[in-house]
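Down below is the structure, laid out as structure tokens.
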Amino acid sequence: MTHSHLLERNHHEHVPVAVFAGSLAASRAVAAEIAALIRTRAKEGRPCVLGLATGSTPVSLYAELVRLHREEGLSFAGVTTFNLDEYYPLAPEQPQSYRRFMRTHLFDHVNLDPARTHLPSGTVPKPGVDAHCSAYEEAISAAGGIDLQILGIGRTGHIGFNEPGSPRHSLTRLVTLDPLTRRDAAADFGGDQATPRHALTMGVRSILNARRVILMAWGQHKADIVQQAIEGEVSSRVTASFLQEHANTLYVLDAAAAGSLTRYRTPWLIGPLAEQGLAWDERMTRRAILWLSQLKQKPILKLTDEDYNEAGLQDLSRAHGSAYEANLVGFYQMQHTITGWPGGRDPAKAKPGDAPVRPLRAASAGVFPKRVLVLSPHPDDDVISMGGTLCRLVDQGHEVHIAYEVSGAGAVSNEAAWRVLAFVRDSELADKANTTRLDQMCRALANGGTVETAPELLGWKALIRRHEAISGARVCGVPENRLHFLDLPFYAGEARSRRYGPADVAVLAKLLDQFQPHLIYAAGDLDDPHGTHRLCLQILRDTIAQAAEKKAAWLASAELWLYRGAWAEWPLDEIDLAVPLSPQEVLRRRRAIFRHETQKDQALFLGEDRREFWQRTEDRSRRLAQAYNALGLAEYEAMEAFRRYAPTDFVRTAAL
Ligand code: F6R
0 MTHSHLLERN HHEHVPVAVF AGSLAASRAV AAEIAALIRT RAKEGRPCVL GLATGSTPVS
60 LYAELVRLHR EEGLSFAGVT TFNLDEYYPL APEQPQSYRR FMRTHLFDHV NLDPARTHLP
120 SGTVPKPGVD AHCSAYEEAI SAAGGIDLQI LGIGRTGHIG FNEPGSPRHS LTRLVTLDPL
180 TRRDAAADFG GDQATPRHAL TMGVRSILNA RRVILMAWGQ HKADIVQQAI EGEVSSRVTA
240 SFLQEHANTL YVLDAAAAGS LTRYRTPWLI GPLAEQGLAW DERMTRRAIL WLSQLKQKPI
300 LKLTDEDYNE AGLQDLSRAH GSAYEANLVG FYQMQHTITG WPGGRDPAKA KPGDAPVRPL
360 RAASAGVFPK RVLVLSPHPD DDVISMGGTL CRLVDQGHEV HIAYEVSGAG AVSNEAAWRV
420 LAFVRDSELA DKANTTRLDQ MCRALANGGT VETAPELLGW KALIRRHEAI SGARVCGVPE
480 NRLHFLDLPF YAGEARSRRY GPADVAVLAK LLDQFQPHLI YAAGDLDDPH GTHRLCLQIL
540 RDTIAQAAEK KAAWLASAEL WLYRGAWAEW PLDEIDLAVP LSPQEVLRRR RAIFRHETQK
600 DQALFLGEDR REFWQRTEDR SRRLAQAYNA LGLAEYEAME AFRRYAPTDF VRTAAL
């Protein structure tokens with residue numbers, strides 16, 4: 000890949016890395032390399048052998064390859080493919096099978112000869128598995144070896160399904176999936192129980208045998224494992240780290256996945272900032288001071304010149320005159336993020352000596368009451384992520400509306416649906432004509448059988464979640480007539496291949512135009528397993544861009560605040576607003592989260608963390624309050640944090 004995105008190596012990184020603003024641009028660059036390889040091989044009259052991956056990461060790569068085929072005549076006639084892995088046991092026609100995935104995203108849309116597409120088979124009988132795996136290795140050799148291997152990385156650091164512990168010399172074989180990998184896959188299979196325990200996968204050695212290897216990763220949920228794989232030692236604990244031993248490999252990352260690399264997280268450890276084109280601006284100063292305070296386990300104002308020197312931050316104390324001056328810059332930045340009046344205060348009730356309402360922007364600061372729009376991707380993100388702030392905004396007199404962007408029907412278990420449907424049947428609330436139908440459904444659900452009427456069932460599941468949302472919002476004081484169930488069209492697609500379009504943007508644009516909000520709160524955590532939050536944020540970005548083009552009146556005075564939820568908290572240095580909560584407010588938020596009963600204990604999307612949502616929320620917001628306190632700021636029970644954007648800046652800078 001010869002382009003400006005390839006980073007100049009530093010001593011922390013043990014492999015070449017290319018970083019792009021977003022995953023689409025990154026995918027296009029990888030597709031371009033693949034296309035060039037295919038064309039070169041075709042000119043030479045030699046076959047081109049590609050090693051392919053599945054999962055959410057390569058979806059945009061395959062979309063681009065399909066586009067190149069359709070619009071630019073890229074021919075796959077001379078291409079042979081080998082996929083990394085397949086669940087075992089699993090039939091190829093099952094919706095979750097990787098064979099089916101490849102057909103959906105690539106094979107069915109390009110001129111690949113089906114006989115030249117290879118995946119390990121999820122249907123070989125157990126006794127034949129070893130022979131099948133050896134035959135797979137032989138087929139790769141017979142094809143001349145893999146020219147270019149595409150990889151994703153799992154949160155365990157796996158490549159293929161080479162889970163932690165897989166040795167360097169491993170070849171194609173049957174493996175047991177790591178519990179974390181199974182949990183990530185559980186959503187596709189409708190729950191833990193139905194998720195396969197095993198898979199067939201090419202081994203570490205089979206992967207390293209490829210002549211070139213490109214590992215792609217998108218999103219902040221991959222940032223830590225990517226950092227370990229690139230900067231950590233080579234170890235079978237993180238099998239992606241074995242790529243450090245490959246002579247022709249490249250990590251292709253989006254900005255979020257690259258975010259934990261030393262060059263971005265703590266660039267002062269690499270060398271003087273000026274040499275890296277960086278400066279000790281306010282943010283960088285704050286980041287370094289927070290880092291130093293955590294390193295030395297001292298409140299900010301107690302950091303000394305020696306502390307700065309020992310940690311290699313002489314540069315910073317010099318830039319500010321002394322450690323004490325630098326401390327103050329960091330301290331006041333953090334202090335100014337705190338306010339108990341997230342929407343501002345009623346000016347009519349202002350008294351002399353009131354604490355300032357700090358982080359609000361001047362343009363909208365005087366407006367009271369404010370129109371506040373909370374965008375909640377799923378029906379419970381509002382209360383999980385910002386339930387305390389939501390209550391405050393309502394109590395402090397603002398007009399708060401909540402828009403639920405998707406139904407969240409996919410996360411309601413059949414058991415939960417059965418409870419509601421069986422109640423309706425047995426209470427005889429349904430009229431006689433429907434009872435037989437209900438009875439059939441209830442029996443199917445109770446027996447764990449496949450429910451053939453999926454669309455109907457999904458509709459009911461959506462209704463269950465809608466009522467939970469109404470009930471949860473009521474705890475926060477938001478009445479039903481201020482709730483908007485948007486049912487964005489993109490959510491109707493199959494979980495793994497969802498894409499948004501103009502229809503989604505139109506729905507949100509209509510709401511914003513009608514409501515003209517002063518404050519918009521939106522989910523800025525891009526880590527939910529199926530990427531719904533990311534899609535919702537992309538839709539918001541496009542909607543704002545459109546509004547800017549049309550010079551929509553509300554844009555000029557609107558502020559956008561991004562919250563993070565069950566999956567991650569904002570790093571301290573990125574927080575612009577922190578709303579403190581009292582113990583009573585924490586309990587009220589808990590009550591609101593409890594109203595989402597279907598998401599308790601058996602929720603399908605808990606991810607790697609087995610705690611329930613209310614527990615995670617409380618731990619997260621308590622830990623944030625403790626972190627503030629450890630910096631030497633006031634001690635609160637809990638805090639909720641937000642990052643501010645001027646909407647038009649967000650459109651320009653958001654790396655989604
Ligand atoms: C897929 C595969 C896996 C995935 C990894 C990341 O064929 O072998 O290693 O690449 O689990 O999955 P996503 O891309 O869904 O995050």
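In numbering that gives the first Met the number 0, the protein residues as written are 0 to 655. Note that the Cβ used here is the ideal one computed from N, Cα and C, for glycine as well.
**Q.** Candidates Asp425, Arg481, Ser412, of which the one nearest Ile463 by Cα
**A.** Among Asp425, Arg481, Ser412, the Cα nearest to that of Ile463 belongs to Ser412.
Q) What is the rounded straight-line gap between the Cα of His400 and the Cα of Asp380? A) 14 Å
(Q) Any residue with its C-beta under 5 Å from a non-hydrogen atom of ligand 1 counts. Can you list them all in chain order? (A) Ala52, Thr53, Gly54, Ser55, Thr56, Leu83, Asp84, Gly151, Gly153, Gly159
Q: Please say whether Glu137 and Leu170 have beta carbons closer to each other than 8 Å?
A: no
Q: Give the C-beta separation of Arg615 and Trp560 to the nearest angstrom, bearing in mind that I take them to be a contact with Cβ-Cβ under 8 Å.
A: The Cβ separation is near 21 Å, so there is no contact.
Q: List the DSSP bridge partners of Val58.
A: None; Val58 has no bridge partner.
(Q) Just verifying my parser: in three-state terms, what is the DSSP assignment at Trp560? (A) It is a strand residue.
Q. Can at least three beta-carbon pairs, one atom from the segment 151–158 and one from the segment 217–231, be found at a separation below 8 Å?
A. yes
Q | Segment contact, 8 Å Cβ cut-off, at least three pairs: the segment 530–549 with the segment 328–341 | A | The segment 530–549 vs the segment 328–341: no contact.
Q) Once you ignore the five residues that flank Asp187 on each side, which residues in its own chain have a CB closer than 6 Å to its CB? A) Gln95
Q. Roughly how many angstroms lie between the CA atoms of Leu83 and Leu176, to the nearest whole one?
A. 14 Å
Q) Cα separation between Lys369 and Leu630? A) Rounded to whole angstroms, the gap between the alpha carbons of Lys369 and Leu630 is 32 Å.
Q) Near Asp524, what residues of its chain come up, given a Cβ to Cβ distance below 7 Å and the 5 sequence neighbours on each side ignored? A) Cβ contact annotation for Asp524 (same chain, cutoff 7 Å, sequence separation greater than five): His532, Arg563, Gly564, Trp566, Ala567, in chain order.
Q: Return the chain-ordered list of same chain residues with a C-beta closer than 7 Å to the C-beta of Gly270, the five sequence neighbours on each side being excluded.
A: none
Q) Does the distance from the CB of Val203 to the CB of Thr238 come in under 8 Å? A) Yes, these two residues count as a Cβ contact at 8 Å.
Q | Reference Asp541; option with closest CA among Leu511, Gly365, Arg66, Asp425 | A | Restricting attention to Leu511, Gly365, Arg66, Asp425, the CA atom closest to the CA of Asp541 is found in Leu511.
Q) In three-state DSSP terms, what is Leu462? A) Correct three-state label for Leu462: helix.
Q | Option in Arg196, His483, Gly387, Arg167 with minimal Cα separation from Leu179 | A | Arg196
Q | Three-way DSSP call (helix, strand, coil) for Glu414 in this model | A | Residue state, collapsed to three classes: helix.
Q) Rounded to a whole number of angstroms, what is the C-alpha to C-alpha distance between Tyr331 and Asp280? A) 14 Å
Q: Using beta-carbon positions only, say whether Leu289 and Lys295 come within less than 8 Å of one another.
A: no
Q.
Using a Cβ distance threshold of 8 Å, determine whether the segment 142–150 contacts the segment 91–110, with at least three qualifying pairs required.
A. By the Cβ criterion, the segment 142–150 is not in contact with the segment 91–110, since fewer than three pairs of Cβ atoms, one from each stretch, lie closer than 8 Å.
(Q) Less than 8 Å between the beta carbons of Gly218 and Ala254, yes or no? (A) no
**Q.** Pick from Gln545, Gly387, Ala505 that is closest to Val477, judged by C-alpha positions
**A.** Of Gln545, Gly387, Ala505, the residue nearest in Cα terms is Gly387.
Q.
Taking the straight line between their C-alpha atoms, what separation do you get for Arg262 and Ala90?
A. 45 Å
(Q) Would Cys47 and Gly72 be called neighbours here (beta carbons separated by less than 8 Å)? (A) no
Q) For the 8 Å Cβ check, are there 3 or more pairs between the segment 112–127 and the segment 11–30? A) no
Q: Express the C-alpha separation of Cys475 and Glu584 in angstroms, rounding to a whole number.
A: 10 Å
Q: List in chain order: all unbroken alpha helix (DSSP H) runs of 4+ residues lying wholly within the segment 91–117.
A: Listed in chain order, the complete alpha helix (DSSP H) runs (minimum 4 residues) inside the segment 91–117 are 97–104.
Q) Over what stretch of residues does the beta strand (DSSP E) that includes Ile149 continue unbroken? A) 147–150
**Q.** Reduced DSSP category for Cys475 - H, G, I as helix; E, B as strand; rest coil
**A.** coil
Q | Pairwise C-alpha distance: Thr200 and Phe160 | A | Distance between the alpha carbons of Phe160 and Thr200 is about 6 Å.
Q) Going by C-alpha distance, which of Glu596, Ile37, Leu214 is nearest His68? A) Checking every option, the nearest Cα to that of His68 belongs to Ile37.
Q: Please list, in chain order, all residues of the same chain as Pro15 whose beta carbon is under 8 Å from its beta carbon, the five residues on each side excluded.
A: Leu5, Leu6, Arg8, Thr248, Leu249, Tyr250
Q. Name the DSSP beta bridge partners of Pro579, please?
A. Met638
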